Every structure is written in structure tokens, then in C-alpha cells.
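Asks: Take a look at this one; I'll ask things after.
Residue numbers (our numbering), protein chains in the order written: chain Z, 65 to 635; chain D, 106 to 498.
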């Protein structure tokens with residue numbers, strides 16, 4: 065089979081008739097050649113197949129369509145309703161995706177530091193300009209759309225990936241929408257077909273007092289005047305405005321001011337994208353397999369593996385995908401092909417990996433969705449007797465606090481039990497020991513019998529032995545920071561949730577004082593909670609922690625490594 | 106044994122079917138069968154994902170297994186008892202909750218820092234008004250603000266109340282939307298390790314909070330709790346209140362004045378409160394935003410404290426009404442929000458009282474001890490309204 069023949073079969077089989085909403089890549093044979101042999105710049109044709117939900121295709125042809133009906137009132141903010149059909153150069157394909165990731169990662173960092181809305185506004189604006197900007201407006205639009213759809217494919221695979229991508233894309237959209245002029249905003253609203261209608265002036269007169277009361281209850285919101293535009297929306301369409309009590313709600317309807325409309329649009333955007341991600345995930349494997357029968361399997365597999373490894377740098381996932389293809393098609397011959405492809409992949413790509421993959425890619429895989437610590441690896445199992453000593457030497461403040469409170473009160477509320485329980489599981493506490501540990505404390509307060517009845521279940525549940533039998537993973541810093549502890553709760557991130565006075569005392573009890581404590585408090589005031597924790601770590605251990613603290617179990621592991629090294633050095 | 110004879114199977118079936126009971130054209134016959142029930146048995150065995158296709162199946166299972174607690178979960182996309190069979194299809198999303206009443210759970214034990222009569226699961230007539238106020242605040246908002254009308258309040262049998270919002274729209278809310286409603290009700294910011302308990306920023310209160318304050322909470326605080334809970338009676342107690350005022354000069358002045366007039370002929374709690382109000386609302390402090398402190402203190406002591414997690418997720422289980430609380434023996438009877446002031450948790454019928462009657466009279470007892478109209482609504486209102494609006498699923 066000649067390469068040219070392969071190329072032709074690829075081009076003709078651009079499954080236009082295919083009804084699957086997904087992106088797929090068709091590679092020309094010269095890429096295949098490059099993969100096997102030397103590697104140089106190459107062109108790919110990326111077919112971003114349209115969605116099937118009956119929507120009109122949003123056709124964006126590079127250098128043509130956009131510039132033709134260029135209009136000031138029309139926004140350049142795409143809604144990513146359906147994938148466009150366009151050609152992308154391989155380098156661009158990668159570059160665009162990476163640039164967009166830089167923006168999303170920047171947003172993610174900003175949010176986890178608890179930046180205020182106006183700070184975020186500036187951050188997003190700068191990030192976008194730095195990474196996605198271009199002199200040619202149509203280039204920007206293309207880059208925007210291509211990078212979005214590439215990342216959509218990459219981030220549809222798992223629940224965690226989808227969740228992250230969804231929040232960041234939504235945050236990005238929110239800020240970009242907010243910067244649009246109000247006529248452009250209204251045009252975008254019209255495109256969304258939102259379930260809202262403007263409040264009539266008669267109704268407005270009736271509600272004026274209440275509307276102004278709500279406006280005055282929010283700092284920075286203008287009080288309504290006669291020509292203010294309000295929309296009447298079912299309350300469930302604007303959850304975030306309801307949650308913040310930022311709208312007047314009456315008989316099931318929320319009254320949304322024009323400058324709050326962004327929330328309504330964003331909710332719609334988010335829900336559309338969420339559905340699209342699930343669809344993309346559900347059908348992307350099927351589309352690959354269906355094409356397999358028509359296309360040369362080898363070319364496709366290699367391109368598939370290559371594309372995934374390029375963008376994701378996630379080897380396990382590539383293997384899983386491959387496995388899935390085999391399972392679904394049930395062609396045993398393929399396994400040798402896959403093995404071949406895999407060998408090629410490892411030999412050619414790994415060599416270049418270090419130079420090619422920028423630190424950003426590395427950070428991508430490790431920092432948000434890094435190790436989940438559900439399986440203790442480095443220090444194996446741990447016994448109950450070691451816990452007190454370990455808590456003293458190596459627990460981060462959040463876990464130390466819960467541990468001490470549990471010892472003092474012989475009780476923790478649900479949030480605390482989850483946060484500490486899963487952490488201990490990640491440390492290596494076996495189920496039997498965990499039950500014994502919690503029982504020893506709780507039975508002093510509620511009695512052994514009640515413990516068995518009411519609490520043992522949830523501990524077994526955490527270890528995947530009850531209910532839907534999910535092996536739950538320990539909470540990451542981001543999750544802990546974003547929790548909302550209430551009355552009687554001790555969980556959460558002390559750097560975020562403690563009052564200054566209590567936090568100082570707590571850090572003091574870890575043996576940190578003087579200059580170090582002021583540095584920590586400084587970070588806290590700037591809402592860099594993870595940095596504050598990192599500084600505490602450094603002060604406690606007397607050595608630096610360059611990677612920063614992202615996970616309580618990472619804190620413990622790093623701490624143990626340092627202590628172990630000290631012991632070894634002493635010997 | 107007991108529940109088997111007394112649990113109102115037929116009524117629960119009728120309620121939970123929401124008109125999908127085979128009698129109307131176009132109804133969804135699988136609806137009730139996709140609802141999760143969960144039994145806690147006497148020997149601590151916890152049976153989740155039970156499902157039943159009819160009132161008699163439910164009745165037989167209850168009679169056979171004799172659970173001492175019955176929990177109700179969501180309606181799933183497929184029969185929860187057969188979830189494993191569906192999961193083998195390879196798609197994990199097949200089994201997921203699709204409908205669930207919007208529920209609220211309020212426990213008196215969450216008020217331990219603002220009540221001095223009891224603690225933990227204990228409750229008395231001194232602190233029960235907190236629950237009554239919670240019912241009023243939440244019920245009014247659910248009806249007037251959110252536009253719901255099929256709302257059932259139930260005594261949880263021991264230390265609190267449950268609320269079931271049954272409107273079709275409420276049952277179909279997503280987790281995010283449930284979270285939004287729950288957050289709408291939240292004024293509490295803070296935890297055991299930070300001082301600030303209630304934070305009401307902004308120059309005026311949101312209409313919902315303002316209404317709750319003027320209609321319900323202020324009166325509860327000033328007319329009842331001040332003297333019944335002796336809120337200002339000791340130094341330890343009033344220091345707690347002073348810690349909610351962020352201005353040192355005001356707190357030390359107040360402290361001084363309070364220590365002077367120890368021998369007042371009036372109720373010391375009332376006079377100390379009046380003094381505090383006077384100081385914070387006087388012209389000098391008004392401008393500095395200290396005025397809001399008065400409201401914050403009242404909210405801290407009276408505003409409903411919801412167990413947020415219960416309301417936020419569709420698949421949270423909640424104890425079925427008409428269960429018997431295993432510890433107290435009290436029946437989880439409905440509370441009429443219109444007359445919730447009259448509800449007395451200490452006179453709720455217990456199992457021993459109820460079991461003197463035959464099964465058919467069971468509901469009657471509950472009805473007589475609260476309100477007849479409630480059950481009327483439970484049995485007919487929800488169903489009729491939903492069928493009438495053509496909202497069957």
C-alpha cells in the first residue's frame with residue numbers, strides 16, 4: 065500500500081456522512097512518513113465535524129468569510145455552538161492549544177488564589193492579549209475556535225478533566241462577554257435564545273422599591289432608574305445570582321438587571337458546553353472505530369496516538385484509548401499494529417520529549433490533575449500507633465487541626481471526617497485500622513454501639529466498600545480551600561478559614577514564629593493560601609519546597625522525605 | 106413489626122407517584138418503581154437502593170423486613186434495584202438521579218452556641234421557637250420568592266424538622282440550582298475557628314432578609330429569646346455578643362455601662378440589649394456601619410441554620426415522614442406552617458400511644474395532633490395540581 069493511496073483514502077473518507085459529534089483528525093501520508101522516519105514541519109487537515117443537534121454550522125473559513133461581513137456591532141466572541149470546518153497546520157494545531165491552555169491555567173491560578181472580580185478582569189484581559197492576540201482579527205477568531213475545539217477533545221475524557229475545562233472556559237467566556245459593548249451583548253443574548261423577557265414599565269413601577277432595595281444591598285450596584293432594563297427570568301436560570309442574593313425574586317421569577325445579564329448568558333454557555341463535552345466523550349471512541357473500518361488502521365492509529373500524546377502528554381490515556389479501539393473493533397490483528405505503533409511512539413517521541421514538551425505541559429499534567437494520592441505509594445502502610453507522631457511531624461495544618469480536635473472532642477462533623485479520613489487513607493491507613501482509629505475516639509463521646517451504627521458505614525464507604533463502591537480520593541488543596549465550613553465545622557483550609565488570631569496561634573503551635581509567621585500572614589492577606597502553607601512547610605522543616613504545596617498528602621510525603629534524609633544523614 | 110402495621114403505605118405511594126399511578130392517561134408507570142427507598146434494619150443492616158412497583162409491594166417489604174428507619178432517595182433514570190444490570194452495558198451514566206423533592210433539614214443541635222437551655226439532641230419549649238422561626242422564614246420564602254406551593258414540613262422525631270418541596274419544578278432542579286436556593290438562605294459565614302458568624306454587607310438588607318428580620322426574627326429575639334435564653338445575663342454570654350462588634354471603643358464603653366447597672370429592676374437582658382441598640386444606632390455610630398451589628402446579632406441568634414449538604418444534592422437520603430424515631434419513639438408527623446407556633450415537640454404522639462390504635466386510625470392521630478389540611482394537601486393537592494398542569498414527569 066503506497067503512502068499516496070493512504071492519503072487518498074484519508075481524504076475521501078472524511079466521514080461527512082458520519083453522524084457523530086466529534087473532532088477527528090485526518091493525517092496525510094507524509095506525516096506518517098515523518099513519524100516513521102525523519103520529522104519536519106507538516107500539514108494536517110483537521111476536520112472538526114459538526115454537531116448533530118440540528119444546528120446550523122458556524123462556518124468559519126480562514127481569511128475569507130469573517131473578513132467579508134465584518135461589522136462593528138457583531139461580536140467576535142464565538143459561542144462554540146458547532147465545530148467549524150477548517151484547515152490547520154500541525155504546528156498551529158499544537159501551538160493554539162498550548163496558548164489557550166496558558167490562558168486557562170492562568171485563570172485557574174487566579175481563581176484558586178481567591179482574586180477579586182476586578183483583579184480577575186485585568187488578569188484575563190492580559191492573559192488573552194498575551195497568548196491569543198494577533199494583528200489580524202480573523203486570525204484571532206480562528207485561533208480562538210480551533211484551540212477551543214482541540215481542547216474540548218482533549219478535556220472530554222474524564223469527569224475531572226471536564227469539570228476543570230468547563231469552569232475555566234466559562235470563566236474566560238464571562239470576562240470576555242463582560243467586555244463586549246451592550247449592543248453586542250444583546251446580539252449574543254439573542255443568539256442564545258434565552259428564556260427571558262424584558263420587564264414592562266408598568267411592572268417595573270410596581271417593583272421599583274424592591275429592585276432598588278436589592279441594588280442597594282449589593283456594593284457597587286447602581287440603583288435602578290426609569291430607563292433601566294430588567295429581565296424577568298425563571299430563578300433556576302440564574303443560579304449564581306440567586307445564590308448571592310443579588311436579584312429580587314418573586315413567585316419563581318428573578319429580576320435581572322442589564323449589567324447582571326452576563327450571569328444568565330454564562331449559565332447558558334456553561335450548560336451548552338457541559339452537554340457538548342459529554343457528547344464528545346461518548347461518541348469520540350465510536351467515531352474512531354467506525355472510521356477504522358474504512359481507513360487504514362495503521363495510519364489512523366499512529367495519528368491517533370501521536371495526536372493524543374502531543375496534546376496530552378498522558379501516556380496511560382493513550383494506551384486506554386488504544387485498548388478501547390481494540391476491544392470495540394475486535395480485530396486481533398490490530399494488536400500487533402498497536403504494539404508497533406507504541407514502539408515507534410516511544411522510540412521517536414520520547415527522545416525528543418524533553419526538548420519538545422515545554423514546562424507548561426508538564427505543569428498541566430501534574431498541577432491540576434496530578435497524582436490523586438488515593439493509593440499510598442512511597443511509604444506504604446502505616447499503623448495507628450504512628451499516627452500521633454506523624455501528625456506532629458508531618459501533617460499540614462489543616463489535617464493537624466482536625467486530628468487534634470478529634471483527639472480533644474472525640475468527634476468531628478461530616479466535612480471534617482471526610483477531609484481527615486480520606487487524607488489518612490492516602491497516608492496508608494488501612495480500612496481496619498481506620499475503623500479502629502475512629503472508633504477509639506468516637507466511642508468516648510457517642511459510645512461504641514452508636515459508632516458502629518452511624519459512623520462505620522461512611523468510613524467503609526470512603527474505602528469503596530459500601531454504596532456505589534467508588535474508591536474516593538483524598539481532597540486536594542483546591543477542594544479544601546473552596547469548601548465552606550459552617551457552625552461546628554473544623555475542616556477547610558486554616559489559612560483561608562481561620563480568623564487571623566486563631567491562625568497565628570495555630571501556626572505558633574507548629575513551632576513557627578518571628579519573621580516566618582509574618583511572611584505567612586502576608587501571604588494569607590493576599591489570599592495566597594497555598595503559598596502560605598508552603599512557607600509554613602519551609603519554616604517547620606528548615607528546607608525549601610520549590611514545587612509548592614498542592615495537596616495535603618504531598619505535604620506529608622515531602623515532609624517525610626526530608627525527615628528521612630535527615631535520619632539517613634545522621635546515620 | 107410496628108412500622109409494618111402503622112406506616113401509611115398507600116398514602117406514601119400516592120404521594121410519591123405524583124399522579125403516575127396508572128389511573129391517568131399518559132402517566133409514567135415506571136415512575137414510582139424508580140424511586141430509591143432505603144431501610145435500616147434492627148441489626149444495623151443498611152439496605153440501600155430498594156425499589157417497589159406498588160403500594161402493596163412496599164407494604165409487604167416493610168412487613169417482611171421490619172425496618173426501624175425508612176429513608177427516601179431520588180427517582181433514578183432506571184430501577185435502582187437493577188442498577189448493576191444497567192451498568193454492565195458499559196455506560197456509567199445510565200444510572201443517575203433524575204428527580205427529587207427539594208429538601209431541607211434543620212437540626213436544633215446546630216444552634217448550640219446560641220441556646221443555653223439544652224445542648225446536643227435535647228430540645229425543650231425554650232429553644233423550640235428557633236425551629237418555629239426557621240419554618241416561618243423558609244416557608245414564606247419558598248412560597249413568596251420561589252413560587253412553590255406544595256410544601257410539607259415534618260417533625261424529624263427528635264431534634265429538628267424536615268421540609269419537602271414537592272412542586273414539579275422543585276423536583277427537577279439540578280444540583281447546582283439546589284445549591285443556589287440553599288445559598289440564598291445562607292447568611293452564615295464562618296466556622297468554629299473564626300469569630301465572624303453572620304455577615305450582612307451592603308448598605309441595606311436584601312428584601313428577603315429585611316422581611317425575615319422585621320416580620321419574624323426581631324420579635325423572636327426581643328420578645329422571647331432575650332429573657333428565655335438569658336442572653337445577656339452573665340459576663341461570658343455578653344462577651345460573646347461584644348465580640349461581634351468590630352469597634353473596640355464601643356465595646357469597652359458598653360462593657361463598662363453593663364457592669365455598672367447590675368441592679369436594675371427590669372430584666373437585665375432587656376435593658377442591656379436596649380443599651381446596646383441605643384449605642385450602635387445613635388448618630389455617631391450609624392455612619393460607621395455599626396448599625397448593621399444590631400441586625401447581625403439578631404441574625405446570629407435566630408436565623409435558620411440549614412444543613413446545606415442535604416439540600417444541595419439530589420441523591421441525599423431523607424427519613425420518610427411517619428417513621429418512628431428509634432430513640433424517642435416519637436412519630437415524624439407533619440407540621441402545619443400556618444400554625445407552627447402551636448406545635449409542641451414534647452407532646453408528639455409516641456409509638457406506645459399510637460400502637461394502642463389500629464392501623465386505620467393511625468393517620469387520624471397524626472392529623473388530629475397537627476392539622477387536617479396538611480394531609481389533605483399531601484394526598485390530593487400535589488397530585489391534582491401536577492396532573493392539572495400537565496406536568497407528569
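Even glycine gets a Cβ: it sits at the ideal position worked out from N, Cα and C.
Since this is a predicted model, take the numbers as computed values, not measurements.
Using a Cβ cut-off of 8 angstroms, which residues of the region 309-324 of chain D contact any Cβ in chain Z, in chain order?
Replies: 309, 310, 311, 312, 313, 314, 315
Asks: Chain D beta carbons: is any one of them nearer than 8 angstroms to that of residue 492 of chain Z?
Replies: Not an interface residue.
Asks: Which first and last residues belong to the beta strand (DSSP E) in which residue 257 of chain D is found?
Replies: 256-260
Asks: So does the region 234-249 of chain Z actually touch the region 274-294 of chain D, counting three or more Cβ pairs closer than 8 angstroms?
Replies: no
Asks: Ordered along the chain, which non-local residues of its own chain (more than five positions away) have a Cβ less than 6 angstroms from that of residue 144 of chain Z?
Replies: 212
Asks: Closer than 8 angstroms is the cut-off here; do at least three beta carbon pairs connect the region 544-554 of chain Z with the region 579-587 of chain Z?
Replies: no
Asks: Kindly indicate which residue of D:374, D:315, D:316, D:238 has the alpha-carbon position closest to the one of residue 444 of chain D.
Replies: D:238
Asks: Which residues in chain Z sit within 9 angstroms of residue 306 of chain D, going by Cβ to Cβ distance?
Replies: 281, 282, 283
Asks: Just the C-alpha distance for residue 122 of chain Z and residue 302 of chain D, rounded to the nearest angstrom, thanks.
Replies: Summary for residue 122 of chain Z: the model assigns pLDDT 35, below 50, so the residue's position carries little reliability; its value from the coordinates is reported in the next sentence. If I take the Cα positions, the gap works out to 51 angstroms.
Asks: Could you pull out every residue in the same chain whose Cβ sits closer than 8 angstroms to the Cβ of residue 505 of chain Z, ignoring the five residues on either side in sequence?
Replies: 470, 471, 474, 475
Asks: Report the neighbours of residue 502 of chain D on chain Z: residues whose CB is nearer than 9 angstroms to its CB, in chain order.
Replies: Because chain D in this structure spans residues 106 to 498, residue 502 of chain D falls outside the shown range and cannot be described.
Asks: Which residues does DSSP list as the beta-bridge partners of residue 435 of chain D?
Replies: Residue 435 of chain D pairs with D:455.
Asks: Where does residue 143 of chain D sit, in a helix, a strand or coil, going by DSSP?
Replies: strand
Asks: Sorted by chain position, which residues of the same chain lie with C-beta nearer than 6 angstroms to residue 404 of chain D's C-beta, five sequence neighbours on each side aside?
Replies: 292, 303
Asks: Between residue 456 of chain Z and residue 604 of chain Z, what straight-line distance do the alpha-carbon atoms span, to the nearest angstrom?
Replies: Taking the straight line joining both Cα atoms gives about 11 angstroms.
Asks: Mind checking residue 550 of chain Z: buried by the 16 CB within 10 Å criterion, or exposed?
Replies: buried
Asks: Which residues does DSSP pair with residue 212 of chain D in a beta bridge?
Replies: Paired residue(s): D:265.
Asks: Determine the chain Z residues that contact residue 400 of chain D at a beta-carbon separation under 8 angstroms, and present them in chain order.
Replies: Under the 8 angstroms cutoff, chain Z gives no residues; its nearest Cβ is about 12 angstroms from residue 400 of chain D.
Asks: For the region 317-331 of chain Z and the region 251-270 of chain Z, state whether three or more C-beta atom pairs, one from each stretch, are separated by less than 8 angstroms.
Replies: yes
Asks: Any idea what DSSP makes of residue 467 of chain Z, helix, strand or coil?
Replies: Helix, per DSSP.
Asks: Please look up how many angstroms separate the CB atoms of residue 638 of chain Z and residue 294 of chain Z, rounded, as I've assumed it's under 8 angstroms.
Replies: Limits of chain Z in this structure are 65 at one end and 635 at the other, which puts residue 638 of chain Z out of reach.
Asks: Of the residues that make up the region 405-416 of chain D, which ones have a beta carbon closer than 8 angstroms to any beta carbon in chain Z?
Replies: 410, 413, 414
Asks: Against chain D, which members of the region 562-573 of chain Z pass a CB distance test of less than 7 angstroms?
Replies: Against chain D - using a Cβ distance shorter than 7 angstroms - the residues of the region 562-573 of chain Z are 562, 563, 566.
Asks: Quick one: is residue 56 of chain D near chain Z, going by C-beta distance under 8 angstroms?
Replies: Examination of residue 56 of chain D is not possible in this model, given that chain D is present from 106 through 498 alone.
Asks: From residue 290 of chain Z to residue 323 of chain Z, what does the alpha carbon distance come to, in whole angstroms?
Replies: Residue 290 of chain Z and residue 323 of chain Z: Cα-Cα distance of roughly 15 angstroms.
Asks: For chain D, check one thing: does any of its Cβ atoms lie closer than 8 angstroms to the Cβ of residue 524 of chain Z?
Replies: Proximity of residue 524 of chain Z to chain D, defined by a Cβ-Cβ separation below 8 angstroms, is not satisfied.
Asks: Among Z:601, Z:561, Z:477, Z:615, which has the Cα closest to the Cα of residue 640 of chain Z?
Replies: With chain Z running from 65 to 635 in the structure shown, residue 640 of chain Z is simply not present.
Asks: Within 8 angstroms (strictly less), CB to CB, does residue 141 of chain D reach chain Z?
Replies: no
Asks: What residue range does the alpha helix (DSSP H) around residue 267 of chain Z cover?
Replies: 265-281
Asks: Given residue 342 of chain D, which residues of its chain have a CB within under 8 angstroms of its CB, disregarding the five upstream and five downstream residues?
Replies: So the qualifying residues of the chain are 221, 335, 336.
Asks: Could you tell me which residues DSSP pairs with residue 429 of chain D in its beta bridges?
Replies: D:436, per the DSSP bridge assignment.
Asks: Listed from N- to C-terminal order along the chain, which residues in the region 142-156 of chain D have their beta-carbon within a distance smaller than 7 angstroms of any beta-carbon of chain Z?
Replies: Closer than 7 angstroms at the C-beta level to chain Z, one finds these residues of the region 142-156 of chain D: 149, 151, 153.
Asks: Using the Cα positions of residue 438 of chain D and residue 509 of chain Z, report the straight-line distance between them to the nearest angstrom.
Replies: 30 angstroms
Asks: Count the other C-beta atoms from every protein chain shown that fall within 10 angstroms of the C-beta of residue 537 of chain Z, then say buried if there are 16 or more, exposed otherwise.
Replies: buried
Asks: How many Å lie between residue 575 of chain Z and residue 459 of chain Z at the Cα?
Replies: 13 angstroms
Asks: Hey, would you say residue 495 of chain Z sits closer than 8 angstroms to residue 520 of chain Z, going by beta carbons?
Replies: no
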